[in-house]
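A.B. asks:
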Amino acid sequence: MTTVVMLTEDHPNGVLVDASKPLINIEDQGLTRGDGVFETMLAANRTVRKLDMHLSRLTNSARMLDLPAPNQNALTQAIELGLKEAAEGPQTVLGSEEHVVKIIISRGTAEEGAHSWITVAPAPQSTLEQRTNGVKALTLPRGHDPAEEGSYPWLLTGAKTLSYALNMAVLRYAKKQGADDVIFVTDDRRILEGATSSVIVARVNNGVKTLLTPEPNHGILPGTTQGAIFKAAQKNGWALGFGPLYPQDLYEADGVWLTSSVRLLAPVTHLNGNPLRHNEEFTAELLDYLAQG
Ligand code: PLP
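Residues 1497 to 1789, numbered by this note's numbering, are exactly what the sequence shown covers, in order.
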């Protein structure tokens, strides 16, 4: 079901390869050390949404890991090739077929060096269902404050690296506790981000609608979905807020969502077992901003 396009010396703009065949060297450092970077994107109607934002974040991540700068033009062509060949994706709220498109850049082997590939697969139903069903989330400690790591470039704060074992481990932990997802907090309980998502909050005060999120470059991954929602919301009269948020702000909010490229936005229905206010109108409105984008 997954379509794979490899960018090779002979085919710098990508060539379709057989995903059932061995494609990765057993000593590839992306595989053995999680040494590489990636982007996960949503394609609706076989067009990747906010491709420029993803390519720009990928370039930034690659720079932070001293990987060669990605050839954005070649990647765009490789994605087009993959999307043309991909199996049919589900029809969804966006009113079009949806696919998950990934770009992976791996350190490769010492002999062959870094290399990239694209995968395209129909969007999984379970992820899409979270847009309407929402998620039960737990706040869990990140163990340190990533905002304090900015002066240590080897900690790769803000890069989207292949080292996602921690992000997957915390999701398994949450599921064992009966929750669906996680919101990381610092030791002083400041909200950071989800395991694979950004956190956004709606607050209505004296008729003024405000969207808030933790400062995007403050030790967390700057979310392209959060960025796109905020841009459209501002045009539609919402005030925007960036800055410290604490669990109490989420309990008192008029809506809390986890946002990410494929899931778009999932209302957080419960936080640490407590029901949160869920405003279906806001969910529809914010989803509409993404559908238009
Ligand atoms: N934060 C983390 C840790 C993520 O892994 C992701 C997406 O995978 C996001 C935020 C949301 O990013 P985007 O909206 O660009 O998908």
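Beta carbons: idealized from backbone N, C-alpha and C, even for Gly.
Since the model is a prediction, treat every value here as computed from it, not as a measurement.
Within 10 Å of its beta-carbon, does V1666 have 16 or more other beta-carbons around it, so buried, or fewer, so exposed?
C.D. replies: Result: buried.
A.B. asks: So D1677 is in the beta strand (DSSP E); what residue range does that whole segment cover?
C.D. replies: Note, D1677: beta strand (DSSP E), 1677 to 1681.
A.B. asks: From what residue to what residue does the beta strand (DSSP E) around V1666 run?
C.D. replies: From DSSP, V1666 is part of no beta strand (DSSP E) but of the alpha helix (DSSP H) over 1661 to 1672.
A.B. asks: Does the structure place the region 1741 to 1761 close enough to the region 1771 to 1788 that three or more beta carbon pairs sit under 8 Å?
C.D. replies: With a cut-off of 8 Å, the region 1741 to 1761 and the region 1771 to 1788 count as touching, because enough Cβ pairs lie within range.
A.B. asks: For P1743, which residues in the same chain have their Cβ closer than 8 Å to its Cβ, ignoring the five residues on either side in sequence?
C.D. replies: Hits under 8 Å: T1635, V1681, R1685, I1687, L1767, N1768.
A.B. asks: From what residue to what residue does the alpha helix (DSSP H) around K1459 run?
C.D. replies: Residue numbering for the chain in the displayed model covers 1497 to 1789; residue 1459 lies beyond these limits and cannot be assessed.
A.B. asks: Could you check if G1751 is buried or exposed, using at least 16 other CB atoms within 10 Å of its CB as the buried criterion?
C.D. replies: By the 10 Å Cβ count, G1751 comes out buried.
A.B. asks: For the alpha helix (DSSP H) that contains K1517, what are its first and last residues?
C.D. replies: Note, K1517: premise wrong, no alpha helix (DSSP H); not H, not E.
A.B. asks: I1601 and P1566 look like a contact to me (Cβ under 8 Å); what is the Cβ gap, rounded to whole Å?
C.D. replies: Confirmed, about 6 Å.
A.B. asks: Ignore the nearest five residues each way along the sequence and tell me which others in P1642's own chain have a CB closer than 6 Å to its CB.
C.D. replies: Cβ neighbours of P1642 beyond the five flanking positions: T1653, G1715.
A.B. asks: According to the Cβ coordinates, are L1736 and L1707 closer than 8 Å?
C.D. replies: Yes; because the gap between Cβ atoms is below 8 Å, this pair is in contact.
A.B. asks: Would you list the one or two residues that DSSP bridges to R1638?
C.D. replies: Answer by DSSP bridge pairing: none, since R1638 is not bridged.
A.B. asks: At a cut-off of 7 Å, would you count I1716 as near the ligand PLP, judging by its Cβ distance to the nearest heavy atom?
C.D. replies: Yes, the Cβ of I1716 comes within 7 Å of a heavy atom of the ligand PLP.
A.B. asks: What do you reckon, are the CB atoms on Q1730 and T1709 nearer than 8 Å?
C.D. replies: Cβ atoms of Q1730 and T1709: not closer than 8 Å.
A.B. asks: How would you call M1537, buried or exposed, if buried means at least 16 neighbouring beta carbons within 10 angstroms?
C.D. replies: M1537 comes out buried.
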